[in-house]
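Please read the structure below before turning to the comments.
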Amino acid sequence: MTSLDSDIAHLLAGSLVLVSFVLLYQDRMFALLNFFAVHACVLALSVGWQAYLQRAPHLFITALIALLFKGVIIPVALHRIVVRLGIHRTIESVVSIGPTMLFGMALVALSVVVMLPVTQSAGAFVREDLAFALSVVLLGFLMMVTRRNAVSQVIGFMSLENGLVLAATGARGMPLVVEISVGFSVLIAFLVVGIFLFRIRERFDTVELQALDMSRGESA
Amino acid sequence: MSVSVGTVALAGLLGTPAFGALLLAAIPRYRVAAAINVTLCAITLASAGLLYSHRPVPSLYLLVDDVNTVFLIVGALVGFTTSVFSAGYIAHEVQSRKLRSRDLRFYHALYQFLMFAMNLALVSNNIGLMWVGVELATLTTVVMVGIYRTNAALEAAWKYFILGSVGIGLALFGTILVYLAGQEHLGEGMPAMAWDQLAAHSAGFDPALLNLSFVFLLLGYGTKVGLAPVHAWLPDAHAEGPTPISAVLSGLLLNVALFALLRFRLIMAGNSAVLSPGPMMVTMGALSLVFAGFMLYRRRDIKRMFAYSSIEHMGIITLAFGLGGPLANFAGLLHMVMHSLTKSAIFFGVGYISQLEGTQRIADIRGLTRSQPLLGWLLVVGVIAIAGLPPFGIFTSEFLLVTSTFARSPWLAILLVVGLMIAFSALALRLHGLAFGKTDKHHRLPAWRLIPMALHLGLVATAGVYLPGAVVAWFRHVANQLG
Numbered sequence: 021m022t023s024l025d026s027d028i029a030h031l032l033a034g035s036l037v038l039v040s041f042v043l044l045y046q047d048r049m050f051a052l053l054n055f056f057a058v059h060a061c062v063l064a065l066s067v068g069w070q071a072y073l074q075r076a077p078h079l080f081i082t083a084l085i086a087l088l089f090k091g092v093i094i095p096v097a098l099h100r101i102v103v104r105l106g107i108h109r110t111i112e113s114v115v116s117i118g119p120t121m122l123f124g125m126a127l128v129a130l131s132v133v134v135m136l137p138v139t140q141s142a143g144a145f146v147r148e149d150l151a152f153a154l155s156v157v158l159l160g161f162l163m164m165v166t167r168r169n170a171v172s173q174v175i176g177f178m179s180l181e182n183g184l185v186l187a188a189t190g191a192r193g194m195p196l197v198v199e200i201s202v203g204f205s206v207l208i209a210f211l212v213v214g215i216f217l218f219r220i221r222e223r224f225d226t227v228e229l230q231a232l233d234m235s236r237g238e239s240a
Numbered sequence: 010m011s012v013s014v015g016t017v018a019l020a021g022l023l024g025t026p027a028f029g030a031l032l033l034a035a036i037p038r039y040r041v042a043a044a045i046n047v048t049l050c051a052i053t054l055a056s057a058g059l060l061y062s063h064r065p066v067p068s069l070y071l072l073v074d075d076v077n078t079v080f081l082i083v084g085a086l087v088g089f090t091t092s093v094f095s096a097g098y099i100a101h102e103v104q105s106r107k108l109r110s111r112d113l114r115f116y117h118a119l120y121q122f123l124m125f126a127m128n129l130a131l132v133s134n135n136i137g138l139m140w141v142g143v144e145l146a147t148l149t150t151v152v153m154v155g156i157y158r159t160n161a162a163l164e165a166a167w168k169y170f171i172l173g174s175v176g177i178g179l180a181l182f183g184t185i186l187v188y189l190a191g192q193e194h195l196g197e198g199m200p201a202m203a204w205d206q207l208a209a210h211s212a213g214f215d216p217a218l219l220n221l222s223f224v225f226l227l228l229g230y231g232t233k234v235g236l237a238p239v240h241a242w243l244p245d246a247h248a249e250g251p252t253p254i255s256a257v258l259s260g261l262l263l264n265v266a267l268f269a270l271l272r273f274r275l276i277m278a279g280n281s282a283v284l285s286p287g288p289m290m291v292t293m294g295a296l297s298l299v300f301a302g303f304m305l306y307r308r309r310d311i312k313r314m315f316a317y318s319s320i321e322h323m324g325i326i327t328l329a330f331g332l333g334g335p336l337a338n339f340a341g342l343l344h345m346v347m348h349s350l351t352k353s354a355i356f357f358g359v360g361y362i363s364q365l366e367g368t369q370r371i372a373d374i375r376g377l378t379r380s381q382p383l384l385g386w387l388l389v390v391g392v393i394a395i396a397g398l399p400p401f402g403i404f405t406s407e408f409l410l411v412t413s414t415f416a417r418s419p420w421l422a423i424l425l426v427v428g429l430m431i432a433f434s435a436l437a438l439r440l441h442g443l444a445f446g447k448t449d450k451h452h453r454l455p456a457w458r459l460i461p462m463a464l465h466l467g468l469v470a471t472a473g474v475y476l477p478g479a480v481v482a483w484f485r486h487v488a489n490q491l492g
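Residue numbers (my numbering), protein chains in the order written: chain G, 21 to 240; chain P, 10 to 492.
The following block contains the structure:
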């Protein structure tokens with residue numbers, strides 16, 4: 021592997037982290053969906069580059085799934101659902117953007133600090149790739165926690181899953197990567213259908229304790 | 010000869026529920042479907058029983074050893090009795106128009122699929138396949154929890170999904186790290202994901218990588234076990250889903266997730282340079298025990314209360330396996346089996362109670378021993394058993410655990426005893442209101458419907474008084490293997 025090869029791989033994986041940050045501060049639903057499509061496309065490029073570097077043609081399938089399913093089909097479907105449910109105005113977030121971004125930076129620092137020392141023997145390339153992947157996973161968690169709207173929680177979950185796919189393709193020769201990415205796609209499809217069928221707009225959207233207790237069946 | 014019998018049994022164990030899921034999806038009449046469901050579960054149970062004496066040759070994908078046979082047999086037994094309970098339960102749900110027969114077609118197919126996913130997770134030798142099995146089982150139960158489609162049920166399902174996906178993510182990341190650790194020694198590809206290879210060669214793995222992976226796995230699979238502080242999905246999912254699913258969740262799915270953790274613990278045990286996973290498991294277990302004990306006091310929903318009791322008992326079991334050593338492992342294993350049987354029996358009872366009384370609110374349920382003596386007294390027996398009083402099996406395992414903890418770390422034992430007492434008094438307090446007191450209601454419930462509950466409690470009582478030598482030897486053997 022030449023240094024240019026690994027530079028390109030780092031560029032792509034780093035861009036994925038960057039797009040994760042962009043997702044964090046979106047406050048309009050359509051912009052969020054568009055940037056998620058970008059996220060999926062960057063992932064597809066990154067996985068495709070890995071497939072080329074590792075001479076692993078089966079990884080191209082994973083890249084193709086990322087591009088077509090997560091880059092095109094899901095954003096378009098969610099776009100329609102958002103219009104139908106009438107939730108396109110703004111996204112209610114629990115924490116405001118400033119602290120969220122700071123917290124996100126802390127998470128990226130954490131994943132670098134945690135991953136780099138333990139993967140020293142794994143070779144320079146895998147090390148950074150895993151650190152990036154863990155950052156994307158943690159930023160996805162952060163997004164799921166800070167958003168209350170069901171659609172943006174699903175987007176958080178999908179960006180998290182993109183991080184996992186990045187980690188799995190980075191681990192050289194790992195079996196079942198394609199199967200796992202297919203499985204995730206089926207799961208996401210179920211979710212999107214579920215949101216549409218059951219009209220899940222917002223969950224846990226009340227801060228009034230009485231009402232919360234009521235929905236937990238705990239009211240006196 | 011025994012090889013081929015083992016292979017057939019393994020095929021039956023995985024193939025029966027997989028085939029059953031397809032078959033039941035095509036059967037519109039719910040009574041027929043319920044009968045087929047019971048039959049299929051009986052075949053699965055028979056296959057699991059055969060695996061006790063006949064083992065198939067291990068492959069890179071599937072492995073049957075002493076440890077997972079215990080989980081398989083207990084799982085298949087509870088799965089079978091729950092299917093019997095479910096047949097009576099859903100008939101009532103259809104009559105009271107809570108479920109339509111189209112929902113039930115879906116329900117029965119998912120029930121078999123859940124059995125398939127759990128068996129797959131238990132017999133897989135491949136850590137990736139095991140992950141797939143646990144996740145499939147989780148997602149199936151997410152759908153089943155939401156089957157009533159009330160707001161509360163959808164909210165519970167959504168919460169379960171969100172927390173479950175956190176678990177999915179963390180566990181997969183941990184699995185990838187274990188693969189990376191193994192890949193340096195076993196080469197790229199399948200062997201580095203085969204559990205038996207990983208466990209045999211873990212001495213040479215990079216300890217830092219293994220440590221990190223176990224943290225992810227503990228949090229990821231710990232979510233599924235229902236350990237505090239990542240337990241929040243569990244009470245909602247138990248309370249809002251159909252009661253047979255509550256029984257299967259507590260009796261089986263939590264065990265399967267715990268089994269996955271134990272597998273990784275064994276990989277860690279082979280490497281002397283890693284941090285011991287024991288203290289981490291003990292901490293989470295003790296936290297769950299004490300936390301759930303206190304939470305039991307404020308419960309007003311009967312299913313939710315017993316869900317917190319499941320968190321408490323999974324805490325005890327995790328603590329026992331975290332302590333390690335032959336005696337604590339034996340206690341943990343026994344406790345796990347006893348808890349599965351007792352808790353599912355209690356949920357069978359609670360399911361009928363909530364149907365007969367038309368409510369799950371504890372305050373509205375009184376005098377069960379008068380309104381429905383047989384059911385009421387069986388519930389009393391079940392709660393006494395789960396609270397850890399003699400002469401039931403849970404007392405035996407808790408006693409063993411407490412004595413072995415006292416010998417090794419007295420402070421932990423004090424914490425354990427305090428946690429057990431807190432939970433015990435909470436349950437005793439609630440039981441009094443539920444079972445006794447005046448009531449003018451009279452319910453009729455055919456006695457045969459209580460057979461699964463009575464069977465489970467009978468087994469637990471027998472185990473408390475007399476544990477057959479063969480079972481003791483078997484569990485002791487497994488406990489030694491668990492390190």
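Cβ coordinates follow ideal geometry from the N, Cα and C atoms, glycine included.
- Relative to the Cα of Pro-26/P, the nearest Cα in the group Asn-135/P, Ser-174/P, Ala-146/P and Leu-108/P belongs to Ala-146/P.
- In this structure, the alpha-carbon of Leu-436/P lies about 7 Å from that of Ala-396/P.
- Listed in chain order, the non-local C-beta contacts of Phe-356/P below 6 Å within the same chain comprise Thr-252, Ser-255 and Ala-256, local neighbours out to five positions each way being set aside.
- The three-state secondary structure of Ser-62/P, taken from DSSP, is helix.
- By the C-beta criterion, the region 281-301 of chain P is judged to be in contact with the region 233-247 of chain P, since at least 3 inter-stretch pairs fall below 8 Å.
- Residue contact with chain G for Glu-321/P: absent (no Cβ-Cβ distance below 7 Å to any residue of chain G).
- Among the CB atoms of chain G, none fall inside 7 Å of the CB of Leu-243/P.
- The Cβ atoms of Leu-443/P and Ile-374/P sit closer than 7 Å to each other.
- Buried is the label assigned to Gln-369/P, since at least 16 other Cβ atoms lie within 10 Å of its Cβ.
- Asn-160/P carries a helical assignment under DSSP once its states are collapsed to helix, strand and coil.
- DSSP places Leu-105/G within a helical segment (H, G or I) once states are collapsed to three.
- Your pair Val-39/G and Val-58/G checks out as a contact, with CB atoms roughly 6 Å apart and the cut at 8 Å.
- Judged by their CB atoms, Gly-155/P and Leu-148/P are not nearer to each other than the 7 Å cut-off.
- Put simply, the CB of Tyr-188/P is near chain G, with a gap under 7 Å to one of its CB atoms.
- Contact between Ile-171/P and Gln-173/G holds: their C-beta atoms lie close to 6 Å from each other, under 8 Å.
- As far as DSSP is concerned, Asp-27/G takes part in no beta bridge.
- For Gly-68/G, the uninterrupted alpha helix (DSSP H) run begins and ends at 49-73, by DSSP.
- DSSP lists Asn-135/P as the bridge partner or partners of Ala-203/P.
- Just so you know, the alpha carbons of Ala-488/P and Asn-338/P end up roughly 5 Å apart.
- Secondary structure note for His-101/P: its alpha helix (DSSP H) is the uninterrupted segment 75-104.
- Every candidate beta strand (DSSP E) stretch fails here, since none sits fully inside the region 178-227 of chain P while reaching 3 residues.
- Inter-residue distance for Ala-83/G and Ser-68/P is about 30 Å (C-alpha atoms, whole angstroms).
- Straight through space, the alpha carbons of Tyr-70/P and Met-135/G are spaced by roughly 29 Å.
- Using beta-carbon distances, Met-199/P counts as an interface residue toward chain G, with a partner under 7 Å.
- The beta-carbon distance between Ala-165/P and Asp-245/P, rounded to whole angstroms, is 4 Å. This is short enough to meet the 8 Å contact definition.
- In terms of Cα proximity to Ala-316/P, the closest of Leu-305/P, Leu-49/P and Ile-326/P is Leu-305/P.
- Asp-112/P sits in a helix when the DSSP states are folded into three classes.
- Excluding sequence positions up to five before and after Thr-166/G, its CB lies within less than 7 Å of the CB of Ser-113, Val-114, Val-115 and Thr-120, all in the same chain and listed in chain order.
- In the DSSP assignment, Tyr-317/P falls within the alpha helix (DSSP H) that extends over 311-332.
- Runs of beta strand (DSSP E) with 3 or more residues, each lying fully within the region 416-461 of chain P, are absent.
- Checking the DSSP bridge columns, you'll see Arg-308/P has no partner listed.
- Counting along the chain, Tyr-70/P sits inside no alpha helix (DSSP H), nor does DSSP assign it H or E at all.
- Among the CB atoms of chain P, one or more fall inside 7 Å of the CB of Val-138/G.
- Residue range 117-138 is occupied by the alpha helix (DSSP H) that includes Met-121/G.
- For Ala-329/P, no chain G residue has a C-beta closer than 9 Å to its own C-beta; the minimum C-beta separation is roughly 29 Å.
- Gly-137/P sits close to Leu-196/G, with the two beta carbons spaced by under 7 Å.
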